Amino acid sequence: MSKTILITGAAGFLGSHLCDRFIAQGFEVIGMDNFITGDHKNIKHLLAIPNFKLIEHDVTEFVNVQGHLDYILHFASPASPIDYLKIPIQTLKVGSLGTHNLLGLAKAKKARILIASTSEVYGDPLVHPQTEAYYGNVNTIGPRGVYDEAKRFQESITMAYHRFHGLETRIVRIFNTYGPRMRLNDGRVIPAFMGQALRGEDLTVFGDGTQTRSFCYVDDQIEGIYRLLFSDYAYPINIGNPHEISIKDFAEEIVKLTSTKQEIVYKPLPVDDPMQRQPDITLARKILNWEPKVSREDGMKKTFAYFKGLSKEELFKSEHKDFTNHIKR
Ligand code: NAD
Ligand code: UDP
């Protein structure tokens, strides 16, 4: 008997890759999405597969799924700073009400649930690299607070269901992950730089570019999540690539990779933009026997090939507005 898994946020970047992985492993996959930041294109290839079913639904409303469920992966949530600045209330609701609904569903179905948390729970971290033991430095009332606090609440309610109801829960703290199927205009730095290079625009570095990030290729991330789901570990665990780089150096790498003739230009740093971010993955190495395998060079080449393959229409369709810099401290 094959196992059944519900994946929320299935039409998004990570959700669609998770659907692929679980279909490939022989699961019955139910994808759920309201398409607020997702794209039908990401799951079009799955619609004809008999063991994939799509339910269009907003998970902040009561979630009803017929039949048995073995596992739930809760990945529905806007995930890029411009998305959660555009839809702050929905972001808070999907992390809180949405998570509550899915925990209730998991309890009713006696299913194991894994929720997608984030390195943003560490805020603008004062501890570097970030270990799971660090409590974070989050501005609750800043523009990013809607995402960070929703995710922190999500972790708390998940642990409460684990402790109070004995629910089988897993929490992944995902660090910046990239790859094919990211939305070109979601404002995150990799689609932003690659889109700019392909359109012949200057690359916009925010601030002086000394802030750092550590980028994980999607295949590595999916493997880490897969291993976590089948582990016995109920506490939060970092999954990300510890290879850290400043945004300025990263922009230079993208200039080389894309052979763009454009310049790097500097724009104001968005409010509460974390100055440093690097996962400590000691725990993931020990508990999941996991570490990233794909170098940034290889991952970026694959990602650029994906963006290059998009149509001119998609490349120039840009709802991307510079929201971040309009929010005053
Ligand atoms: P994404 O925007 O591509 O995907 C999110 C999906 O959730 C979209 O398809 C969207 O339509 C759907 N969604 C949002 N609200 C919903 C609702 N109320 N009901 C049903 N569906 C809803 O983002 P992503 O990068 O794939 O991120 C997926 C998850 O991983 C998110 O929870 C995000 O917080 C987490 N995460 C991602 C990263 C990353 O680097 N990609 C880092 C940290 C955490
Ligand atoms: N960034 C940038 N130019 C852009 C988009 C983003 O310099 O056009 C910076 C942003 O200020 C941040 C880093 O790149 O310091 C990563 O931003 P992203 O939105 O990808 O993710 P975050 O880690 O901030 O959630």
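Once you know that position 36 of the sequence shown is 1095 in our numbering, the rest is easy, because the numbers rise by one and skip nothing. Virtual Cβ for every residue (Gly too), placed ideally from N, Cα, C. Keep in mind the model is a prediction, meaning the values are calculated, not measured.
(message) Let me confirm a value: Q1125 is counted as buried when at least 16 other C-beta atoms fall within 10 Å, else exposed. Which label applies?
(response) exposed
(request) May I ask which residues mark the beginning and end of the beta strand (DSSP E) holding V1114? (result) The residue asked about is misnamed: residue 1114 is Ile in this sequence, not Val. Where I1114 is concerned, the enclosing beta strand (DSSP E) stretches over 1111-1115.
(request) Could you pull out every residue in the same chain whose Cβ sits closer than 8 Å to the Cβ of M1253, ignoring the five residues on either side in sequence? (result) L1243, I1313, T1317, T1362, F1363, F1366
(message) Is it buried or exposed, H1076, if we count other Cβ atoms within 10 angstroms and call 16 or more buried?
(response) buried
(request) Tell me whether the beta-carbon of K1166 lies closer than 8 Å to the beta-carbon of L1128. (result) No; because the gap between Cβ atoms is not below 8 Å, this pair is not in contact.
(message) On a Cα-Cα basis, can you pick out the residue from Y1206, I1174, A1251, A1209 that is closest to F1375?
(response) A1251
(message) Could you check if D1267 belongs to the surroundings of ligand 1, using beta carbon to heavy atom distance under 7 Å?
(response) D1267: no, Cβ never under 7 Å from ligand 1.
(message) In the DSSP output, which residue or residues are listed as bridge partners for D1332?
(response) Under the DSSP definition of a beta bridge, D1332 lacks any partner.
(request) With a cut-off of 8 Å on the beta carbons, I'd call R1232 and H1302 a contact; round off their distance for me. (result) 17 Å between Cβ atoms; not a contact.
(request) Say yes only if the C-beta of G1097 is nearer than 7 Å to one or more non-hydrogen atoms of ligand 1, and no if none qualify. (result) yes
(message) Alpha carbons only, please: which of I1108, G1201, G1068 is nearest the one belonging to G1154?
(response) G1068
(request) Please name the residue in Y1130, A1209, L1161 whose C-alpha comes closest to that of A1138. (result) A1209
(message) Given the structure, does N1235 come close to ligand 2, in the sense that its CB is under 7 Å from one of the ligand's heavy atoms?
(response) yes
(request) Quick one: give me the first and last residue of the alpha helix (DSSP H) that I1018 is part of. (result) Any answer about residue 1018 is impossible in this case: the structure gives the chain only from 1060 up to 1388.
(request) In the DSSP assignment, find the unbroken alpha helix (DSSP H) run with F1094 in it and report its ends. (result) Element bounds for F1094: n/a, residue is neither H nor E.
(message) Taking DSSP's pairing of strands, which residues face H1133 in a bridge?
(response) T1067, I1174.
(request) Using 7 Å as the cut-off, classify the Cβ of P1140 as near or not near the heavy atoms of ligand 2, replying yes or no. (result) P1140 Cβ: within cutoff of ligand 2.
(request) Determine the direct distance from the alpha carbon of F1081 to that of A1070, and round the result to whole angstroms. (result) 14 Å
(request) Note down the Cα distance separating R1240 from F1072, rounded to an integer number of angstroms. (result) 5 Å
(message) Are the CB atoms of V1205 and P1147 within a distance shorter than 8 Å?
(response) In this structure, V1205 lies closer than 8 Å to P1147 by Cβ.
(request) Can you say whether R1344 is buried or exposed, counting buried as having 16 or more other CB atoms within 10 angstroms of its CB? (result) exposed
(message) Comparing C-alpha positions only, which one of N1110, A1107, V1118 sits nearest to I1095?
(response) V1118
(message) Going by the DSSP bridge assignment, what does L1262 pair with across the sheet?
(response) Residue pairing by DSSP puts L1262 in a beta bridge opposite I1323.
(message) Please report the straight-line C-alpha distance between P1351 and I1298, rounded to a whole angstrom.
(response) 9 Å
(request) With a threshold of 16 other CB atoms inside 10 Å of the CB of R1388, please say whether the residue is buried or exposed. (result) The pLDDT assigned to R1388 is 37, lower than 50, so where the model puts this residue is not dependable, and the model offers no usable value.
(message) Pairs of beta-carbons, one from the segment 1275-1288 and one from the segment 1319-1337, closer than 8 Å: are there three or more?
(response) no
(request) Taking only the alpha-carbon atoms, compute the straight-line gap between N1110 and K1103 and give it to the nearest angstrom. (result) Distance between the alpha carbons of N1110 and K1103: 14 Å.
(message) Do V1264 and I1323 have their beta-carbon atoms positioned less than 8 Å apart in this structure?
(response) yes
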